[in-house]
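Counting from 1, position 238 in the sequence shown corresponds to residue 1025 in my numbering; the numbering is continuous, with no gaps. Every residue, glycine too, gets a C-beta built ideally from N, C-alpha and C. Being a predicted model, the structure only gives us computed values, none of them experimental.
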Amino acid sequence: MIRPPMKFEPLTDGEDRAGIVYRVHQRLLQDVDVSSLDQRSPEEARAAIEASVRSIVADVAGVAGMAGLYGDAKEAVVKAVVDEAVGFGPIQPLVDDPDISEVMVNAPDEVYYERDGVIHAAETRFNDEAHILRIIDRIIAPLGRRVDESSPFVDARLPDGSRVNVMIPPLIPRSPTVTIRKFRPERHTVEDLVRNETISQEAVEFIGGSIEQRKNIVISGGTGTGKTTVLNALSAFIPEAERIITIEDPIELKLQQRHVVAMEARPANIEGRNAVSQRELVRNALRMRPDRIIVGEVRGEEAFDMMQAMNTGHEGSMTTVHANSARDALSRIENMILMAGLDLPIRAIREQMASALHLLVHLSRASDGRRTVISISETAGLDGETVVLRELFRLDAAGRLAPVVDGTPR
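Rendered as structure tokens:
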């Protein structure tokens, strides 16, 4: 639908490129029915909007007293308007940057991003809270999700595999927030991990042999320590002939084998129904003739079913867990098993854990963003009611992951 053109006064002395972007966007909204592009593919919609913007920007710039807008400056305005109309607005350049792993919006004037494990403040700004809410709606509407006072937060996966978390008032009274953990299409190999000094070659060979011998492995660490990256890389040691079932919430793994069946938990719909939990998927996986079951991250009562699978013929399974140490990882898994509501004595649970969990690989992230495997431990039965952990690899004085001999890295 075409509307009469808007009239603009010249830019005032205090206005800059943001002013011209705003004016072009307002003119676009009046000249073009942007909602009519919803039926087109993202690429087609972006191309159509860009063509319209280019026809508008020269006119608006001339009227606004910016006849000299050309070259890179003009392209920057065009891109900003297109991003505002069909993209993620001011944060689109951060989302497009392949070196940025996380984008965080705390408030209109507080935008941060993570690069190489270090958080930086961005120059990007939103106009106000309503501006953030418009971009939030554009992000989650295609996913069939909504956010409002009755449902004030959303955790979802974008079409490219990135994860987005949104929270709005009243849960966060100050401002709506957006956190995007970007999907990395590249696959890190064990050679990459050794080259980056995330793990030593000797430790890789040990873990690789353990995977081939069908040992059950738990990879632990804090948020952002690289657990999924390490799991992806180590999965290369799983024989090609085996059938692998992966269970995640949401999907992040990119295993290197061909015979992989990936399952993803499903949140409840708008009516609060039809959710499918990771526990249900683990139970279903047992009926799918798996050689190995990989749970991307164990978070709750599915820990019991995963441990049962490890103890009943599905050796060689792997998972990750948030924890501050290998010992803490065992405690967290024990607590998650208790969440299943089973009336089991603690000793029985720990006996099962000592039998099911063979290796614990623990990662840590330094203040400079460097991610490193700092220990590899094995379970060695029970001592009374305590699961015995024997450390096999530990960082030596030079910061290299080395075998432990007589209690000392060698």
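Using the C-alpha atoms, what's the distance from residue j back to residue i?
| i | j | result |
| --- | --- | --- |
| E871 | P877 | 7 angstroms |
| I906 | L1146 | 32 angstroms |
| L1117 | T1099 | 20 angstroms |
| A1023 | D947 | 23 angstroms |
| I1120 | A1167 | 17 angstroms |
| M1105 | E862 | 48 angstroms |
| E1165 | S1007 | 13 angstroms |
| P895 | G1171 | 55 angstroms |
| I959 | G904 | 26 angstroms |
| R766 | A1127 | This structure leaves residue 766 out entirely; the chain is present only between 788 and 1197. |
| D1078 | E999 | 12 angstroms |
| L1073 | Q817 | 56 angstroms |
| R902 | E831 | 31 angstroms |
| N1056 | S938 | 11 angstroms |
| E1138 | V1174 | 8 angstroms |
| G1013 | R814 | 45 angstroms |
| G1009 | R1152 | 8 angstroms |
| N1071 | F1091 | 14 angstroms |
| M1123 | Y899 | 33 angstroms |
| A1020 | L1040 | 10 angstroms |
| F913 | F940 | 20 angstroms |
| E796 | E910 | No answer about E796 holds up, because its pLDDT of 41 lies below 50 and its placement is not dependable. |
| L980 | F993 | 14 angstroms |
Among the options, which residue has its Cα nearest to the Cα of residue i?
| i | options | result |
| --- | --- | --- |
| A1230 | G1128, E1102, T1099 and R1086 | Outside the displayed range of the chain (788 to 1197) lies residue 1230, so it cannot be described from this structure. |
| E1027 | D1193, I923 and L1042 | L1042 |
| A1052 | I1034, R1045 and R1060 | I1034 |
| I1136 | M1094, L1150 and Y900 | M1094 |
| I843 | A990, Y809, N952 and M1097 | Y809 |
| A1062 | M1075, F970, D1036 and V1047 | D1036 |
| Q1005 | T1107, I927 and I1032 | The question names Gln, but residue 1005 in the sequence shown is Val. V1005 has its Cα closest to that of T1107, out of T1107, I927 and I1032. |
| E1178 | R1074, V1191, R925 and E984 | V1191 |
| E1084 | I1133, L1018 and I1031 | L1018 |
| T1016 | E978, E992, M1140 and K866 | E978 |
| A990 | R1157, V1148, F970 and I836 | V1148 |
| D969 | G931, D886 and A835 | Here residue 969 is Lys; the residue named in the question, Asp, does not match the sequence. Among G931, D886 and A835, the Cα nearest to that of K969 is on D886. |
| H1101 | I1133, D1193, R1001 and I1163 | R1001 |
| D820 | I836, A1185, L930 and V811 | I836 |
Measure how close the beta-carbons of residue i and residue j come, nearest whole angstrom, since I'm counting them as under 8 angstroms.
| i | j | result |
| --- | --- | --- |
| A838 | N1003 | With a Cβ gap of about 56 angstroms, A838 and N1003 do not count as contacting. |
| V951 | A943 | 6 angstroms |
| L1068 | M1050 | 5 angstroms |
| L1182 | I986 | Not quite, the Cβ-Cβ distance comes to about 11 angstroms (not below 8 angstroms), so this is no contact. |
| R833 | V869 | 6 angstroms |
| V864 | I922 | Not a contact, Cβ separation roughly 18 angstroms. |
| I927 | S949 | Not quite, the Cβ-Cβ distance comes to about 12 angstroms (not below 8 angstroms), so this is no contact. |
| R1076 | R1030 | 6 angstroms |
| A1113 | S1154 | Wrong, their Cβ atoms sit about 22 angstroms apart, outside the cutoff. |
Item to check | Sequence ranges, beta strand (DSSP E) only - wholly within the segment 969-1033, length at least 3 | outcome: Listed in chain order, they are 1004-1008.
Checklist entry - Going along the chain, which unbroken runs of the beta strand (DSSP E) with 3 or more residues stay wholly within the segment 1097-1169? => result Runs of the beta strand (DSSP E) lying entirely within the segment 1097-1169, each at least 3 residues long, are 1105-1109 and 1146-1152 in chain order.
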